[in-house]
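The structure appears below as structure tokens.
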Amino acid sequence: MARLFEYQGKEILSRAGFAIPEGKACTTPEEAESVASELGGEVVVKAQAWTTGRKAKGLLKFCKTPEAAKEAASELLGQVVTNFPVEIVLVESKLEIDRELFAAVIIDATAQQPMIVFSSLGGTGVEDIAKSHPEAISRKHIDIKVGLRDFEARELVRVTTLDRKFYNKAAAALVKLYKAARLSEARSIEINPLVITKDGKWVAADCHATVDDYSVFRHPELGIEIARELDHPITMLERIAYNVEKSDYRGTFYFFQMDQDIPENGKNTNGEDVIGFHGAGGGGSMMSMDGVGKHNFALANFCDTSGNPPASKVYRAAKIILAQPNIRGYFASGSGVASQEQFHSARGFVKAFREVGLQVPAVIRLGGNREEIAIEILRTYLADIGVPVEGYGKDDSAVFCADRLRKLVEEGPYNPKGPDPISNPDEPEDPYTFKTLTGSLTIDHAKCSDCESKPCVDSCHPNILEVKDGNVVLNISDEEAAKGRCTECLACEIACWTAANQAIKIDLPIDGLPEYLKEIKDSAPQEVS
Amino acid sequence: MARLFEYQGKEILSRAGFAIPEGKACTTPEEAESVASELGGEVVVKAQAWTTGRKAKGLLKFCKTPEAAKEAASELLGQVVTNFPVEIVLVESKLEIDRELFAAVIIDATAQQPMIVFSSLGGTGVEDIAKSHPEAISRKHIDIKVGLRDFEARELVRVTTLDRKFYNKAAAALVKLYKAARLSEARSIEINPLVITKDGKWVAADCHATVDDYSVFRHPELGIEIARELDHPITMLERIAYNVEKSDYRGTFYFFQMDQDIPENGKNTNGEDVIGFHGAGGGGSMMSMDGVGKHNFALANFCDTSGNPPASKVYRAAKIILAQPNIRGYFASGSGVASQEQFHSARGFVKAFREVGLQVPAVIRLGGNREEIAIEILRTYLADIGVPVEGYGKDDSAVFCADRLRKLVEEGPYNPKGPDPISNPDEPEDPYTFKTLTGSLTIDHAKCSDCESKPCVDSCHPNILEVKDGNVVLNISDEEAAKGRCTECLACEIACWTAANQAIKIDLPIDGLPEYLKEIKDSAPQEVS
Amino acid sequence: MSILVNENSRVCVQGITGREGLTRTRLMTEYGTSVVAGVTPGKGGQEVLDVPVYDTMFEAMDATKNDGGIDISVLFIPAPLVKSAALEAIEAGVKLLVIVPDRVPIWDVMEIADAAKSHEAAFLGPNTLGAVTVDQAVLGMMGGTAASAKDFFKPGKVGVTSRSGGITSSIAYYLSRAGIGLTTICHVGGDSIIGLPHPEIVKRFEDDPETEVIVLFGEIGTSQEEGVAELMVKKEVTKPIVAYIGGKGAKEGTRFSHAGTIIEGGKGTRDGKIRALKGAGAYIVEDFDDIPKVTSEVLASLESN
Amino acid sequence: MSILVNENSRVCVQGITGREGLTRTRLMTEYGTSVVAGVTPGKGGQEVLDVPVYDTMFEAMDATKNDGGIDISVLFIPAPLVKSAALEAIEAGVKLLVIVPDRVPIWDVMEIADAAKSHEAAFLGPNTLGAVTVDQAVLGMMGGTAASAKDFFKPGKVGVTSRSGGITSSIAYYLSRAGIGLTTICHVGGDSIIGLPHPEIVKRFEDDPETEVIVLFGEIGTSQEEGVAELMVKKEVTKPIVAYIGGKGAKEGTRFSHAGTIIEGGKGTRDGKIRALKGAGAYIVEDFDDIPKVTSEVLASLESN
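Protein chains in written order, with this note's numbering: chain A, 46 to 574; chain B, 46 to 574; chain C, 135 to 439; chain D, 135 to 439.
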């Protein structure tokens, strides 16, 4: 349910033919000045921010000259409003207002229908109007098959206190408002105030809109880069995670930061230990968060990999979580009894933890289908990394697991071994490479040909490897592998590493992460010289 | 139900996302050459004409070079096909055809619903396919509220003999076809053949479309100048009439020519006397045509003014009918018992006949509401024009009236008086002018002030005239008069002419008619010198 | 009895404040039609010819519901706005619409038809002059003024259904002049898709105890007349039908001013219609002026039975 | 007895030839679900796991109608195509849909809901793991494999309804482990508009003679739990309800991965839900791990009555 700024909401309205004030969104004072001068006359400079009552907060400034608009813009730009810095101001011609009304389209989840709301009074909060002047407001569910027809809109406004001379214009405006919502698949569009100007036009003076995250893919016209509502400006790490999510349709991946500024000792101002959190499934994640909360932990982040994600996705999620500096532990826990086969996740953890060189203790609760194998994988392949990683299953509660992490954190410090990837560490002499859905797999046939047992072939979950002339190769086409027949389950790499010649390297790049890590490292406080 | 050319139909398809061959409509051989050269490779040059079986008729030419395309275009352009000269050729890349199918959307008037028809065989007439391979065809009525959904389209094609590997592409194509029909409000769109190319694309190789005349006003994208289907290219006079029709919403006006080449003696090749025909109402007009047919008359034109048209419209229709040279009589007849007040029409005839200077006898059957007054008007104001004009009412049948015209025609020749308009013949000294819906009215106050009786004020049907300071003026605003409060009933002009000072002139221009008349006159056969 | 409308029918006029709306409301009320409401959005609150005007159909329905609501709505609305007005009337619960305007886009008509079907409503037209139940009520503009309508049409036992508006009045007048009285006369409308084509009207006449003979005016194009013949063959219509089919002089493929009068292939031809009706037992009149004579003979033969 | 599905229910899988469709069809059939048809447009004619595949739902309906047709369709379809597949199933006459996919656009869901209403059909989801009627049938992907589903869930008298898929299995497993058997367990789906929210599922449990106690897992956001409380107050639901509401740790306004878990003003808060349910007589469990204990006590008290 991504929120839009006023100017974006107005663009939606305008595309549906709804009148909006003349104006333009500006990012610099100079641009504001030039727009004001183009518009001529008095303008209003409006901070684009997710808040109400902007006038009272000084976030709207009326300006009689372009110079005044420039000054207003430079005052507004950069101000922080509810965590977000103002990056855009909307410069518009001032409206000559005759009266103010209210109109909105929202989705009524219980009725499973869109609803239109109209009030012949506007300007102030619609809840207040509903209390003080209920006769001014009317609302109606809309039949989604036929939309809002003009006669329905007229009937809607007729039962308010609107003067009947406005009925036809009101109906025309509401029909366009609904059309705007329908065309953009908005979750809500609210116009408050809807203004009748002195020359009789119906103009949207302000607009609050939210759109449906699930449909933005078919609305490039909305220009929404990241369809997600956060309570802070999106961080670099969140952007990196979002790109991973977007480029892999298999299962869910969701990541956001809750503490971007963890002190070096890993304790927040409440004295809680801040940990990386890796949930699985919405309900299970929240249950698990409740669990860790009981043990004096705070979360650096929220993360959810679920819906049968491939090992590669869990791997990337873990690497992103571990890119947060100064966390004191790693806690992964889902609902406890997952339907998905848990060994995929386990392998993702193994690859990530070894590659990064895990520095802090981790508790991984992998309850569900094939959890025994999953726990065994963690135990086997992470035993030597110098910090404890404990795996648990469905019979161990989230609270118990959080308690284990508490104990492990307190039992430290440990001697982490540092990075020790499970991939072929050498430049391959005789590389055999194919693409996977989100990365690539390279077998060094120079090493592979020496191997008698070929454990990788047996371990391959989708059965796409075979031995040919003593080497392991695909038994499907490269295209099929790249389209997803290779499920990136990581089993072959682990098998080759532990039971054969360490000939395989699976490369699963995360766009932007290396640069991000470098930047963090460079900007870390230097010792005073 | 205006017919579209192939290239126009394809434009509709293309707007809805339906694939059409690359190409362009051309009006000159040079343009065809240049388009062919842009397209590259083999092209087909197709005469844009309303006929089927163009290939057999040599109206499609495959060309391997731009020069050949140029030559083909010059052969095709100007050929006459079913009365119409070819003015446009469509030059398209030749398709590599794998198979040919058929698809159409038509309107089923009885079911009051659109219908989609699909055939897994195409290329030849769909009626033939229906007979020889009924299993290839399926059809379905479409719920107009929701349109054609992809799953319905799949089910539609499933019950034909189409190979199932094509189901999804077929459904996508049919959904687009319906969308094309819906968006353009077509009466019918027929794609035959619908081609699957060798590289698997679904392309409309040909397209026959007709659109709804009543909705073209909201489809400027169709570029239809005259929404009417005729069996000949539109004539200048028809175009003049159409512009009158279009610019006056009051009542119906419909005119087309049936004989554009009347010999000087007014007799066609069957020896029938050709007359000007002026009907009123579809049914009444046709009945009246049946009537004249019994008396060895042929029609120069069909004309219908009905639906309560103002006098001004009847006036213009009469002038347009009389612009046809060499007619032997004028026959006006409606259903016999019209609901509309007939004196309006009568005044229209009076003004037109006097202005033009009627040369031939006329029978005007004005049966219906207030017919007595109407007949009286004709009798009174046309008694002196030198040719007989007889008025009849509801108790006189069309056949009887046609018989009267026969007798009058045979009783000639007459001595027509020539033009003698009922308008103020002089340049006004003290003009008082206001606009009416389709013209203007001027009173010469220099003449008006002398008049005691002011019969114009009493005769004014909508009561918008009054005497002020001895002169007749509007008692409403100029704007109101221009918007239609002056109904152009012509009563004031006739009253002033016959009972007062001939001070009024009502000017009701007919765009293009003076120029047309001049051209006819100039091009009339000159006496051999 | 009668069909479509009688003196007790409660009628609304949509577009009552317009030029045509006003004129025809006068015709209707003066003739005796019970016009109980008018609707023009934005002009509610006034009275027109003593008829209260409302802003929406829902309001009109609501305001009249204690007195019996609204049975019929007559539309005098510009063609591009007809769809909205018709849907409003249908959704407000009106069961019969009379759509007078010409040139209503055909896809709009299909939407109206769809809505009518799902609300069990019917509509006469578009492009209809309306209907008259003689000496009881006028719907639309048939007759022009109350005085001429009273003068033209006399009560009796014959129902008239016609595809031409002017011809409806003509037949009704000529029958009345010949001493043959009428129940209801009805112009089905001149467009290719209409709400109540001949077969529907004929069925209603069949069910009307007062109508003894049906006079039908057909035209080339559409399959309405063939549909009537089918009803006769299936014995769903058993009353005698006197039919005249116009269009002798029409060339195939040439379009006259009715959208309906297009001959498409072999369907809808004059000959085909006459053959079908004759085959089904209708009395075919070849000469328009003979309609009263034939009708009178049919009536006489009914009485002698 | 049970709700939603039993061993006799005839099930279709839409998208049966896809990755998930194939895997979950195996789960369903191995568990005992009667999967009688699969549908993938363009891939009809083959068999998948002995299930015949059809090109359209209409074809599937037609092919199976002599054996009893199709009761339920489970959708494994990419989110952008769900609307079309769901409307097809509904219009073909299927009365219960299980819409597994995540991220179905909300306006599509409203269209599905509208079609379902007018065809008297219901749908579970979107974004649901499905439902299991223990030892009879699985719909969707709950349990992962037939072996684990058999292992996790034991039959008995308790119905489970949950807004979280993983938690549905968890509660069902922990109850089973504690010796408390189950009738049907159901994940209502994680989106803000879902076809069968808690109140609808609870009503079905009320009508199911075998279900004696209902365990409900709620979350912040939406008004589903408040709806259940209302049913209890109105006595439309009289069976005991054991409820746990998750989201203690959620900050207001912050969005977690369920679209539903948004707190809007005072509505949909954890406290409000608990208050409503408690007020209506539900047994509120504060500690997730206590669910089996409380359920067992409620069952015991039922028996002692």
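Where a beta carbon is used, it is the ideal one built from N, C-alpha and C, also for glycine.
Beta-carbon separation of residue i and residue j under 8 Å?
{"i": "C:VAL216", "j": "C:PRO175", "result": "no"}
{"i": "A:THR481", "j": "A:LYS550", "result": "no"}
{"i": "B:ALA201", "j": "B:ILE161", "result": "The sequence shown places Leu at residue 201 of chain B, rather than the Ala named in the question. Yes, these two residues count as a Cβ contact at 8 Å."}
{"i": "C:THR447", "j": "C:VAL376", "result": "Residue 447 of chain C is absent from the structure shown; chain C starts at 135 and stops at 439."}
{"i": "B:ILE57", "j": "B:ILE307", "result": "no"}
{"i": "A:GLY379", "j": "A:SER330", "result": "yes"}
{"i": "C:VAL266", "j": "C:THR318", "result": "yes"}
{"i": "B:ALA383", "j": "B:ASN414", "result": "yes"}
{"i": "B:ILE65", "j": "B:VAL248", "result": "yes"}
{"i": "D:LYS382", "j": "A:ASP335", "result": "yes"}
{"i": "A:CYS541", "j": "A:PRO500", "result": "yes"}
Going by other Cβ atoms of all chains shown within 10 Å of its Cβ, with 16 needed for buried, is residue i buried or exposed?
{"i": "D:ASP208", "result": "The displayed chain sequence assigns Val, not Asp, to residue 208 of chain D. That one is buried."}
{"i": "B:ALA569", "result": "exposed"}
{"i": "D:GLN180", "result": "exposed"}
{"i": "D:GLU360", "result": "buried"}
{"i": "B:HIS186", "result": "exposed"}
{"i": "C:GLY149", "result": "buried"}
{"i": "B:ASN460", "result": "exposed"}
{"i": "A:GLU497", "result": "exposed"}
Closest to residue i by C-alpha separation, out of the options, would be which residue?
{"i": "D:VAL432", "options": "D:LYS407, D:LYS373, D:GLY402, D:ALA410", "result": "D:LYS373"}
{"i": "B:PRO464", "options": "B:GLU76, B:VAL395, B:ARG449", "result": "B:VAL395"}
{"i": "D:LEU183", "options": "D:THR190, D:VAL147, D:GLY274", "result": "D:VAL147"}
{"i": "A:PRO466", "options": "A:ASP244, A:LEU558, A:LEU535", "result": "A:LEU535"}
{"i": "C:ALA255", "options": "C:GLY227, C:VAL170, C:MET162", "result": "C:GLY227"}
{"i": "D:ILE425", "options": "D:LYS284, D:PHE257, D:VAL292", "result": "D:VAL292"}
{"i": "C:THR190", "options": "C:TYR165, C:VAL169, C:SER218, C:ALA213", "result": "C:SER218"}
Quick check: does the Cβ of residue i come within less than 7 Å of any heavy atom belonging to the ligand GDP?
{"i": "A:TYR294", "result": "The model on display carries no ligand, and the ligand GDP is accordingly not part of it."}
| Near-chain C residues of the stretch 177-196 of chain A (beta-carbon distance less than 8 Å), N- to C-terminal order | Answer set for the stretch 177-196 of chain A: ARG194, ASP195, PHE196.
| request: At 3 residues or longer, and completely inside the stretch 332-380 of chain D: list those beta strand (DSSP E) runs for me, N to C. | output: 347-352, 375-379
| Proximal residues, the stretch 196-216 of chain A versus chain C, C-beta separation under 7 Å | PHE196, ARG199, GLU200, ARG203, ARG209, LYS210, TYR212, ASN213
| query | Using a beta-carbon distance cut-off of less than 7 Å, what residues from the stretch 239-270 of chain C approach chain B? | reply | PRO239, ILE240, TRP241, MET244, GLU245, ALA247, ASP248, LEU263
| message | Can you pull out the residues from the stretch 197-228 of chain C whose beta carbon lies closer than 7 Å to at least one beta carbon of chain A? | response | SER218, LEU221, GLU222
| Can you give, in chain order, each stretch of the alpha helix (DSSP H) that sits fully within the stretch 71-115 of chain A and has at least 4 residues? | 74-84
| query | If contact means a Cβ-Cβ distance below 7 Å, which residues of the stretch 147-164 of chain C contact chain A? | reply | none
| Where in the stretch 133-188 of chain A do unbroken runs of the alpha helix (DSSP H), each at least 4 residues long, occur, reported from the N-terminal end onward? | 171-177
| task | Scan the stretch 203-237 of chain A and note each continuous alpha helix (DSSP H) run of 4 residues or more that stays entirely inside, going in chain order. | result | 212-229
| query | What alpha helix (DSSP H) runs, 4 residues minimum, are completely inside the stretch 186-265 of chain D? | reply | Within the stretch 186-265 of chain D, the complete alpha helix (DSSP H) runs of at least 4 residues are 191-198, 216-226, 240-252.
| Short-range partners of chain A found in the stretch 167-190 of chain D, where Cβ spacing is below 8 Å | none
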